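Below is one structure; the comments refer to it alone.
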Amino acid sequence: MSYLIASNLDEVISSLRDGSGKARVVAGATDLYLQDLPYGLVDLSALPETTVIEEKDGFVKLGAAVTHTAAASSPLVLSRARALAEGCETIGSLQIRNIGTIGGNVVNAAPAADAAVALIGLGAEAVIIDIEGNRRQESVENLYWAYNRSVVDSTREVMLSLQFKPCLGGEGSAFTRFAARRALALPMVNASARVKLENGLVKEARLVAAPVNPAPTRLLKTEELIIGRSINEETISMVEKAAAEEVEVRDSLLRCSARYRLHLVGVLVSRALKTAADRALDPGKAGE
Amino acid sequence: MILKTPEKNTHQYGKVEGTGYQSPEVWSKVTGKAVYGIDLAMPGMLHGKILRSPHPHARIKKVDTTAAKALPGVRAVLTGAELENRPFGIAVEDELPLAVDSVRYIGDEVAAVAAVDLRTAERAIKAIKVEYEELPAVYDPSEALQVGAPQLHDNFPGNVAWQREMERGSSDAVFAGADLVVEENFTIPAINATYLEPIACVAVDDPYTGITLHTALQSPDAVRNIVAKALNYPLSKVNINGPVMGGGFGGRVYGNLKVYILSALLAINSGSPVKIQLTREEEFTAGRPMIAAAIKMKMAVKSDGTILGREADIITDNGAYSGQAPWVSKTLSERNDSVYRIPSIKTRVRLAYTNKIPTGQYRAYGNQAANFAAESLIDMAAKKLGLDPLEMRLKNCVREGDITVHGLKIGKCGLSECLQAAAREIGWDHKKTGRGYGLSVAIHANGSLVFDKKFRGASALARLELDGRVTLFSGEQDYGQGTHAAFAQIAARALDVNPSQVTVESKETKTAPFSTGALAMRQTTVGGKAIQLAAEDLREKIFKAAAELAGEPVTMGNGVLYSITGQNLELAEIAYHYHNTTSGLSLTGEGKFVPEESDYDESGYGNISVAYSYAAHAVEVEVDKTTGALTINRLVAAHDSGRIVNHLTSRGQVYGGVAQGIGMSCFEGYLFDEGRVANASLVDYKIPTALDLPEIKPLFIEVEDPAGPYGSKGLGEIVMVPVLGAVANAAADAAGVWITDLPLTAEKIYQAMAGWECEI
Amino acid sequence: MNNLKKQVLIFQLNGEPMGILADPAESLLTILREKLGLYGTKAGCGKGECGACTVLLDDRAVNSCLVPAGKVQGRKVETIENLSQGGKVHPIQEEFVEKGAVQCGFCSPGMVMSAHALLKENPQPNPEQVRVAISGNLCRCSGYKQIEEAILSAAEKM
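Taken in sequence, the protein lines are chains Z, E and W. In this note's numbering, each residue carries its 1-based index in the first sequence increased by 228. In this note's numbering, each residue carries its 1-based index in the second sequence increased by 981. In this note's numbering, each residue carries its 1-based index in the third sequence increased by 20.
This is the structure in structure tokens:
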């Protein structure tokens, strides 16, 4: 076993090549205890490009090794992507948020990872580079291979950063979760929303709920349903119903019954939508 | 006469501030210097690991340890077939150190290994091959009691570990003549004590001098007795030496006997010290939670709210082995009957073996589980009769001079005052709209005779050291609840010295006086009384020695003796004088407290304790109608525990006990999937975090009770009891529906409000 | 990459340079307790679920059980042992005793370190900020109330 804190991207790539499938990338490395350890770990959290938070070329860009704490407290994230700040500030505990990263949250591919749910709601893309040097961009929602398994192969691919369009005039985002305890708890349901209003009517919407599938799930039908509508009580109760109808969930002994979870999906998605819409109408609320 | 200022502080970090006195150990703890069980290491120490059954019920066909024994670094491998089969147990002897013929729960101990390091021990465990023949298993206790259910133990036919039926008064007549009968079924899951430090034990065996177990226990003497019997060692060759204890809450009264016995056996067989430390997962899957209970209860009342009688049919879930479950079942089935003037009761309680984790005990011993049922029923009746739940409780609650339905003699009692104070503080008379309010009351014994009818008290020694300080020798353990600070204060008061001059020594069973242990809320009342008597005895002996030294009568103030002619004598001088004139003896006071009052008959009727503590809690909650989420806003905890010895540690007991009560009310409880513990981690078994608790207001109604030292009584266990009923009643008040199945999750509340058929 | 099981790890520990040869996949907690004898940091679960093992990594509270030793290379680690040196105790520790915040004491070192990290970043926290800062530290004894009082009081005195 070796542990390398890489100082540049070339070092990451060459270490993965040398490891020929037995070395893998880590960032926060908080979930290592869950796994059989590979032969080598390549830590990318010291790379300058993986910890940057910036607005550039019309995108909010966050390095994959940005910690949950850093994302939750970044003025840029708070003002341009409130959902991500909300998703990050409720994960695990402060100790975990201080070291766990948003890239790790995506690549670990847990079905209800809070940061990932927020990122998918925001329409984030991941910038990935493989050991051949090929660079590609993928929607975060397309990175889920199976339960707890990502499309990103950490033995030969590196997620460098995540990026999405900022919520500017007329746009707002929000994240909600419901758990049995206020800290150190996985959510029964979490949800995020991003909405763009024009003349008080929904022009674009992204709604996400989890855990309803192995991956956080876009509620495409519900999104379509609300286009052109204003966010009023009628729309909200319509969303509550439509969101619950659009997903299939299972009973969970540990979390809750399927029926209750469906109910929560409706409640949380509509709460997220309402808050996102409030923020879209009043940009001053975006950072609140 | 000039009196010297008492020594402010002998410990470099210590401080004394009146009734907020803290033992010096707290400084070791807060600086990270305190040595806990998990921190211990001995020269040449091996690491032990236990192989556990993956099946809930199976016959062991073959155990092959060849590969494990062949691993380099493995020093001992034990299986049940190779050991002497010496059954042991607490209330019932139904366990063996390792399974011989069959395993009865997922986690049952099958083999044990000692190796040079933990990884080797883990590898060795994996290398042991066991062939099982799976047997039908039973998980539900009421199914276990039915004819034809899979049987767990040959000598307990019908899976009945223990049972009891009792009737006091004539219940049928009472119920026939009642204006109202309320009836309900309540269920309470198994609860894990969740002390934060996992159990660890280092066994050091010396074939010539005996065995020492370095492990922290609430009842080291009781465990020593069981271990000695299981090992077939003379009692005096078994010593338990307690490091600092990382929490107990009843869970470490007997801790995990398998760990102690197996570490001892591994040490004996390997010839080296052996440490076994449970993982957190093992604590959840093979520890000793408090029994789950199903309580069917009904109550007969008059239209004016007078309680006429109560009947209960209770089934408790013992799991695979019995631990203290019979005693917990007993307290669960009767203690709550004594908080009200109930003329008649009829109770049946059956403790059933199931193929699940064995059970033990937890703070308040089932009294809190019964509180949930009985106190919910009071509010259900009050609602039907249109009565104020406060008035109904005040009308029925016990008062000084009463003898309860089970024969408890109510001495000094501030229960009514607690009720009134709690109600006033929560704002009972000006409730806010949109909030729910609930009340509950409790009584709890101060040392119960259930454990040993012949041994009912406590003893202590108080020794004057040559430097003038005082050492108390007591068997009573302090693991943060403040017992030793209280003892120092009690002795300091008797001796007229500063508490910081008093040290409490209770570490090793071979030197400390025998104690029943830190259980049954006995330590302050019973253990503290022995301390008071020992200190008073020492005081008399000091006077006598001082008078001899001074050649005239003496009096005492602030730790200094002075004679009528004005001679000042320091305690150290007197200690030296006695030491010299007796060729080395120390002035030692003896205290023995043998309560004469307490006793009970065959039916369990009688005054089982020297004193009782009382409490009333009031709660304000809110319920989110769209999700069912319950938020507790405020909790007022009014307690009559007599004179409060230490306000700082007493407040700590209230906050902590209430937090545990809220955990049990709202979050906690074992979840099983076919006998497997489904929530075996601190993320899935949820105890409250700092963000999950309401504003908690302790109120002390200090009714001095002469039974305890300087009028004080126990507090540590009763603090969690009324939380259960009060939260349930407040939740029902806010939601408009009753949840009778703990914990009160958002899902259950929402389901009930929405009128869904129960799915869980 | 090399095939060695152990690596030389150089980091700052409690204000002093530290170099050890260790398996970088071991947790920082294991290194502190078993290699360096710093048993003041407690182990309650090994999975980041209790906070008893909280230490500061570059001034931020982390669960040392979740930090692979390799990650501390070149960084700054502070443990409970650093807070009471030369016969002095830290004001946070003093207030913990003063307010009765220590019962069994097993969570105390981790709790103190979480408080230490909070006050470094935010010297005047409000009660809710204190509760958030210690919400990753489970305590079964205290109900957290006196711990919260102690941290607020320490902030005032510091």
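Yeah, the Cβ is synthetic: ideal placement off N, Cα and C, and Gly gets one too. Predicted model, so just to flag it, every value in this text is computed and none were measured.
Would you kindly report the start and end of the unbroken beta strand (DSSP E) that includes E:E1583?
Reading the second sequence from its first residue, position 602 is the one you call residue 1583 of chain E. Careful: E:E1583 lies outside any beta strand (DSSP E) and carries neither H nor E.
Figure out for me which residue from E:A1661, E:V1704, E:A1640 and E:N1660 has the closest Cα to the Cα of W:Q166.
The residue given as residue 166 of chain W occupies position 146 in the third sequence. Looking at the Cα atoms, E:A1640 is the closest of the given residues.
Distance, Cα to Cα, E:P1179 vs E:E1264?
Taking the second sequence and counting its residues from 1, one reaches residue 1179 of chain E at position 198. Taking the second sequence and counting its residues from 1, one reaches residue 1264 of chain E at position 283. Taking the straight line from one Cα to the other gives about 7 Å.
State the DSSP-derived secondary structure class of Z:E462, mapped to helix, strand or coil.
Taking the first residue of the first sequence as 1, we reach residue 462 of chain Z at position 234. Z:E462 falls in the helix class under three-state DSSP.
Would you call E:L984 buried or exposed, if buried means 16 or more other Cβ atoms sit within 10 Å of its Cβ?
As a working note, residue 984 of chain E is residue 3 in the second sequence. Low confidence applies to E:L984: its pLDDT is 31, below 50, so where it sits in the model is not reliable, and the reading given next is rough at best. Per the 10 Å Cβ criterion, exposed.
Are there three or more Cβ pairs, one per stretch, closer than 8 Å when the stretch 1494-1503 of chain E is compared with the stretch 1549-1566 of chain E?
no
Any beta-carbon of chain Z closer than 8 Å to the one on W:N83?
Locating residue 83 of chain W in the third sequence gives position 63, where the first residue counts as 1. Yes, W:N83 counts as interfacial toward chain Z.
Name the two residues that bound the continuous alpha helix (DSSP H) containing W:R151.
Position 131 of the third sequence, counted from the first residue, corresponds to residue 151 of chain W. Element bounds for W:R151: P147 to A153.
Answer yes or no: does any C-beta atom of chain W fall closer than 8 Å to that of E:F1230?
In the second sequence, counting from the first residue as 1, residue 1230 of chain E sits at position 249. Cβ-Cβ to chain W under 8 Å: yes for E:F1230.
Using a threshold of 8 Å, state whether the C-beta atoms of E:G1382 and E:S1325 are closer than that.
Position 401 of the second sequence holds residue 1382 of chain E. Position 344 of the second sequence holds residue 1325 of chain E. In this structure, E:S1325 does not lie closer than 8 Å to E:G1382 by Cβ.
Completely contained alpha helix (DSSP H) runs for the stretch 1677-1719 of chain E, where each covers 4 or more residues:
1702-1716
Beta carbon proximity, W:V28 to chain Z, threshold 8 Å
For the purposes of this step, residue 28 of chain W is identified with residue 8 of the third sequence, where counting begins at 1. It does not; no Cβ of chain Z falls within 8 Å.
Please compile the residues from chain E whose C-beta is within a distance smaller than 7 Å of the C-beta of Z:S420.
Start at 1 with the first residue of the first sequence, and residue 420 of chain Z comes out as number 192. By Cβ distance, chain E contributes nothing, its closest Cβ being about 18 Å from Z:S420, past 7 Å.
Measuring only the C-alpha atoms, how far is E:W1409 from W:D78?
Residue 1409 of chain E sits at position 428 when you count from the first residue of the second sequence. Residue 78 of chain W sits at position 58 when you count from the first residue of the third sequence. Going from the Cα of E:W1409 to the Cα of W:D78 covers about 50 Å.
Classification of W:A81 by the beta-carbon crowding that lies within 10 angstroms, buried from 16 upward
Reading the third sequence from its first residue, position 61 is the one you call residue 81 of chain W. It is buried - the Cβ of W:A81 has at least 16 other Cβ atoms within 10 Å.
Please determine, among Z:L501, Z:A472, Z:R499 and Z:T503, the residue with the shortest C-alpha to C-alpha distance to Z:Y488.
One-based indexing of the first sequence puts residue 488 of chain Z at position 260. Nearest C-alpha to Z:Y488: Z:A472.
Outcome for Z:P303 when other beta-carbon atoms lying within 10 angstroms are tallied against a minimum of 16
Position 75 of the first sequence, counted from the start, is the residue given in the question as residue 303 of chain Z. Z:P303 comes out exposed.
Of the residues Z:A505, Z:S242 and Z:T278, the one placed nearest Z:A292, counting alpha carbons only
Taking the first sequence and counting its residues from 1, one reaches residue 292 of chain Z at position 64. Closest by alpha carbon: Z:T278.
Could you please give me the residues that DSSP links to E:I1424 through a beta bridge?
Position 443 of the second sequence, counting from 1, holds the residue named residue 1424 of chain E. In DSSP, E:I1424 forms a bridge with E:Y1595.
Cβ distance (whole Å) where E:H1387 is taken to contact E:E1315 below 8 Å
Along the second sequence, one-based indexing puts residue 1387 of chain E at 406. Along the second sequence, one-based indexing puts residue 1315 of chain E at 334. Contact flag correct, Cβ pair sits at about 6 Å.
Using a C-beta cutoff of 8 Å, does E:I1741 count as contacting chain Z?
In the second sequence, counting from the first residue as 1, residue 1741 of chain E sits at position 760. Bear in mind that the predicted position of E:I1741 carries a pLDDT of just 42, short of 50, making it unreliable; the figure below should be weighed with that in mind. With 8 Å as the cut-off, E:I1741 counts as an interface residue toward chain Z.
On a Cα-Cα basis, can you pick out the residue from W:S134, W:C70, W:E101 and W:G90 that is closest to E:T1012?
Stepping through the second sequence from its first residue, residue 1012 of chain E is reached at position 31. Nearest of W:S134, W:C70, W:E101 and W:G90 to E:T1012, Cα basis: W:E101.
Name the residues in the stretch 86-120 of chain W whose C-beta lies less than 8 Å from a C-beta of chain Z; which are they?
L86, V87, P88, A89, G90, K91, Q93 and G94
Does the beta-carbon distance from E:N1336 to E:H1038 come in below 8 Å?
Position 355 of the second sequence, counted from the first residue, corresponds to residue 1336 of chain E. Position 57 of the second sequence, counted from the first residue, corresponds to residue 1038 of chain E. Going by C-beta atoms, E:N1336 is nearer than 8 Å to E:H1038.
Is it buried or exposed, E:D1285, if we count other Cβ atoms within 10 angstroms and call 16 or more buried?
Within the second sequence, numbered from 1, the residue matching residue 1285 of chain E stands at position 304. With fewer than 16 Cβ atoms within 10 Å of its Cβ, E:D1285 is classed as exposed.
Take the Cβ of W:M133 as the centre, count every other Cβ of all protein chains shown within 10 Å, and call the residue buried at 16 or more, exposed below.
What you label residue 133 of chain W is simply residue 113 of the third sequence in a count that begins at 1. Buried is the call here.
Check whether chain Z comes within 8 Å of E:Y1120, counting only Cβ atoms and requiring the distance to be less than that.
Locating residue 1120 of chain E in the second sequence gives position 139, counting from the first residue. Look at E:Y1120: its C-beta is not under 8 Å from any C-beta on chain Z.
Any Cβ of chain E within less than 8 Å of the Cβ of W:P145?
Position 125 of the third sequence, counted from the start, is the residue given in the question as residue 145 of chain W. The beta carbon of W:P145 sits no closer than 8 Å to any beta carbon of chain E.
Below 6 Å CB to CB, which residues in the same chain sit around W:M178 once its five sequence neighbours on both sides are set aside?
Your numbering for residue 178 of chain W matches position 158 in the third sequence. Result list for W:M178: P111, in chain order.
Nearest to E:E1406 by CA position, among E:L1680, E:S1083, E:A1713 and E:A1049, is which residue?
Along the second sequence, read from residue 1 onward, the residue named residue 1406 of chain E stands at position 425. Nearest of E:L1680, E:S1083, E:A1713 and E:A1049 to E:E1406, Cα basis: E:L1680.
Residues of chain W with a CB under 8 Å from the CB of Z:G320: which are they?
Residue 320 of chain Z sits at position 92 when you count from the first residue of the first sequence. Neighbours of Z:G320 on chain W, chain order: G68 and G156.
For a contact defined as C-beta to C-beta under 7 Å, what are the partners of E:E1683 on chain Z?
In the second sequence, residue 1683 of chain E corresponds to position 702, counting from 1. By Cβ distance, chain Z contributes nothing, its closest Cβ being about 35 Å from E:E1683, past 7 Å.
Just tell me which of E:G1650, E:P1053 and E:L1500 has its CA closest to the CA of E:D1722.
By 1-based counting over the second sequence, the position of residue 1722 of chain E is 741. Ranking E:G1650, E:P1053 and E:L1500 by Cα distance to E:D1722 puts E:G1650 first.
Could you pull out every residue in the same chain whose Cβ sits closer than 6 Å to the Cβ of E:Y1780, ignoring the five residues on either side in sequence?
In the structure as shown, chain E begins at 982 and stops at 1741. Residue 1780 of chain E is therefore absent and cannot be evaluated.
For E:V1702, count neighbouring Cβ atoms within 10 angstroms of its own Cβ and tell me buried if that reaches 16, exposed if not.
For this step, residue 1702 of chain E is matched to residue 721 along the second sequence. Flag for E:V1702 reads buried.
Beta-carbon gap between E:L1198 and E:V1208 smaller than 8 Å
Numbered from 1 along the second sequence, position 217 holds the residue referred to as residue 1198 of chain E. Numbered from 1 along the second sequence, position 227 holds the residue referred to as residue 1208 of chain E. Contact flag unset, no.
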